Amino acid sequence: MPWFFDLLTNRESVAHSLLAIMLVSVAGLALGHIRFKGVSVGIAGVLFAGLAFAHFGMSVNHDVLHFLREFGLILFVFTIGIQVGPGFFASLRKTGLPLNVAAAAIVLLGVGLSVAQWRYFLGADEAGLRAAVGLMSGATTNTPSMAAGTAAFADVEARRAATTQRTIQTSSQTSTQSPTTSSTTPPAASPAASAEPHTAAANPRAGGVIGSAYAIAYPIGILGVLLTMIVIRIAFRIDIAREHRELAAGGTNPTLDVLNLELLNAALVGKAIRMIPTLGDSGVVITRLLRDRQVQVAGPDQVLQLGDVVTAVGPTKGLEDLEMIVGRRTAIDARAIGSDITVRRVLVSRAPSVGKNISELGLREKYGVQMTRVIRSGFELPVTALTRLQFGDRVVVVGESASMPAVIAELGDSPKALDRPLLIPILLGIAIGVIFGSIPIAIPGLPMPLKLGLAGGPLVVAIVLSRVNRIGPLIWYMPNSANMMLRELGIVLFLACVGLLSGESFISTFQAHGLQWVLVGAAITIVPVMAVGIIARAIFHMNYITLVGLLAGSMTDPPALAFAQGVTGSDAPTVSYATVYPLVMLLRVLAAQIVVLLLAAG
16 MPWFFDLLTN RESVAHSLLA IMLVSVAGLA LGHIRFKGVS VGIAGVLFAG
66 LAFAHFGMSV NHDVLHFLRE FGLILFVFTI GIQVGPGFFA SLRKTGLPLN
116 VAAAAIVLLG VGLSVAQWRY FLGADEAGLR AAVGLMSGAT TNTPSMAAGT
166 AAFADVEARR AATTQRTIQT SSQTSTQSPT TSSTTPPAAS PAASAEPHTA
216 AANPRAGGVI GSAYAIAYPI GILGVLLTMI VIRIAFRIDI AREHRELAAG
266 GTNPTLDVLN LELLNAALVG KAIRMIPTLG DSGVVITRLL RDRQVQVAGP
316 DQVLQLGDVV TAVGPTKGLE DLEMIVGRRT AIDARAIGSD ITVRRVLVSR
366 APSVGKNISE LGLREKYGVQ MTRVIRSGFE LPVTALTRLQ FGDRVVVVGE
416 SASMPAVIAE LGDSPKALDR PLLIPILLGI AIGVIFGSIP IAIPGLPMPL
466 KLGLAGGPLV VAIVLSRVNR IGPLIWYMPN SANMMLRELG IVLFLACVGL
516 LSGESFISTF QAHGLQWVLV GAAITIVPVM AVGIIARAIF HMNYITLVGL
566 LAGSMTDPPA LAFAQGVTGS DAPTVSYATV YPLVMLLRVL AAQIVVLLLA
616 AG
């Protein structure tokens, strides 16, 4: 069967390239599902499969691999940005700032340690620097960081090649114009004159060292974070149940409660509900008013009377403040008294309603209903006049039954709209991200301009666009299932290509440097997270559940997050993980480039 032999060996054919990448991906994903004592290599199995396939002779056109590698990276970081963007800015306004400071400290400690290892243990030359960048990326399980470092080396080599070419041209022109040079004698050839530009595409082995170092350090990166979580728990004798109680008492995302209050404050009699001092930005909404056994939908202009019973929804702290102003709690529940008032959860899927705040929508003025809460990404959010709705939000509306059809028509309430792929905004967002990542940014002290690149540019743009959510007819929303599919596809393509590019030299590299690189990678992983983790717990008394999410997020490490969820018995670590993830991702992408530009191009 010559056709089958050609399919397996013709590295220039498209069919061979596709077959190789699919086989590597399938084998790697299967490897990632193998668990040893509850721990697996996860998605990194694709990288190890690529290394194995390449080592045993499978070769793919390098241009194809470079294209698919970068395309997969873009899909991966863009979908991450779309998912975490809406909550990122909100988290910074709350407790996200100290968490991000701690995560940034872990990143900076890791970078400093990587540079020190390069200087004293890896040879302090460019080959050692490539290893240091790969080890830094693998030890922190951050794939975009490796891509950014590889791209930075390619830029440095391209600049060197251009400089060499200009020098040759200048020398040639000088020789031609010199009166002492015979016109029949050609200028001496320079060894660099015929050299190809030293880009990653022209010199694939340049990126092979980085990929090999990354692969060696990656398993240590996963295990090091898990070990740190275990050590901190044992050293501080953590009681998980108590940590859960403390987190619930002072959580940054408290559940919304309902409270019935009897009006006893004479100072509020004759005043409108909107005049109650504690309302406004507290997130508390008064939804019902009971007077003379008649239940009404409470509105901001409704005048209060002594003995009124109001039903309020909001965060516990806001409700407690409201109780001190209004009067006292009562066992009378306005919701239990028969009336025409109903409660509906309505999906925000109609484009004209997306991006408007509660005040701009004017549902109370139009239909006499009250919006009590917004459910976004599984979290219940309190409502204020400035709360801005996003595509895919679910809102809880209280009002008369006759008003609900009009409210539903206003907001959409169409689950099918969420399943419909909005391709134009997504593709446009990726294009903007590529452009943004290609903009050179001159920074004093750096010998070359810094670029966010294909890792940082799409990530930043996705975070911003998902926060904006809508510009004109364009809505940046992606169903969670579609987001996960594209993200997994992207990282699988990226790691498969990295493995195939690095596999030819992996074994020889490991034989020469394996043990040393394992120890260096272990230090880069464990020292920063252990130091910051101990300080955060011992000095700042950070809740352990929050801390393990922070440690996993500082390494952008999904297996570590899964382990943290298992250790704590809840999904609560996801909150701090998602809070620090975007900043950590961006810092690691920038750090890899800055290290290369300072030490290789300086």
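The sequence shown: position 174 = 189 (the numbering used here), numbered continuously.
For glycine and all other residues, C-beta sits at the position ideal for the given N, C-alpha and C.
Since this is a predicted model, take the numbers as computed values, not measurements.
Apart from sequence neighbours up to five positions away, the residues of its chain that approach R343 with a beta-carbon distance below 8 Å are L276, E277, L279, ordered along the chain. DSSP places T589 in the uninterrupted alpha helix (DSSP H) bounded by 588 to 614.
Restricting attention to V599, R391, G223, D307, the CA atom closest to the CA of L123 is found in V599. The beta carbon of A567 is closer than 7 Å to those of V240, A575, L576, A579, P588, Y592 in its chain, skipping five residues each way along the sequence. Here K466 is near P455, since their CB atoms are less than 9 Å apart.
With a cut-off of 8 Å on Cβ pairs, the region 447 to 454 is not in contact with the region 60 to 73, counting fewer than three such pairs. E335 is bridged by DSSP to nothing; it lacks a bridge partner.
According to the DSSP secondary-structure assignment, E277 is paired through a beta bridge with V324, R343.
Non-local beta-carbon contacts of A551 in its own chain, meaning distances under 7 Å to residues more than five positions away in sequence, involve A117, M557, L562 in chain order. D428 sits close to V361, with the two beta carbons spaced by under 9 Å. The Cβ atoms of A446 and L83 do not sit closer than 9 Å to each other.
Contact between G87 and I506 holds: their C-beta atoms lie close to 7 Å from each other, under 8 Å. Inclusion of V582 and I237 in the CB contact set at 9 Å is not warranted, their separation being larger than that value. Residue state for D316 is assigned as coil, using DSSP reduced to three classes.
Bridge pairing for N372: R403 [DSSP]. Only exposed fits R181, as fewer than 16 other CB atoms lie within 10 angstroms of its CB.
The DSSP assignment places complete alpha helix (DSSP H) segments of no fewer than 4 residues inside the region 27 to 95 at 29 to 47, 60 to 70, in order along the chain. In the three-state scheme derived from DSSP, where H, G and I count as helix and E and B as strand, A173 is classed as helix. Taking the Cα of V513 as reference, the smallest distance to any Cα among A35, P330, T399 is reached at A35. Counting along the chain, F451 sits inside the alpha helix (DSSP H) bounded by residues 438 to 452. Look at the beta carbons and you see the region 330 to 340 not touching the region 376 to 390: under three pairs across the two are nearer than 8 Å. Here DSSP, grouped into helix, strand and coil, assigns F578 to helix. Distance from the CA atom of A142 to the CA atom of V224, rounded to whole angstroms, is 8 Å. Within a 10 Å sphere around the beta-carbon of V299 sit 16 or more other beta-carbons, which makes this residue buried. Between S129 and M151, the gap from beta carbon to beta carbon is short of 9 Å. In the structure shown, the three-state DSSP call for L124 is helix. Residue state for F20 is assigned as helix, using DSSP reduced to three classes. Per DSSP, G414 is not a residue of any alpha helix (DSSP H); the beta strand (DSSP E) it occupies stretches across 409 to 415.
Here M493 is buried, its C-beta having at least 16 other C-beta atoms within 10 Å. In this structure V312 is in contact with V413, their Cβ atoms being roughly 6 Å apart against a cut-off of 8 Å. G322 counts as exposed, since fewer than 16 other beta carbons sit within 10 angstroms of its beta carbon.
DSSP places T302 in the uninterrupted beta strand (DSSP E) bounded by 300 to 306. L602 counts as buried, since at least 16 other C-beta atoms from the protein chains shown sit within 10 angstroms of its C-beta.
It is roughly 20 Å from the alpha-carbon of W532 to the alpha-carbon of M545. Taking C-beta atoms as the reference points, G444 and A477 count as a pair closer than 9 Å. Short of 6 Å from the beta carbon of T540, and not among the five residues preceding or following it, lie these beta carbons of its own chain, in chain order: A154, I235, G236, G239.
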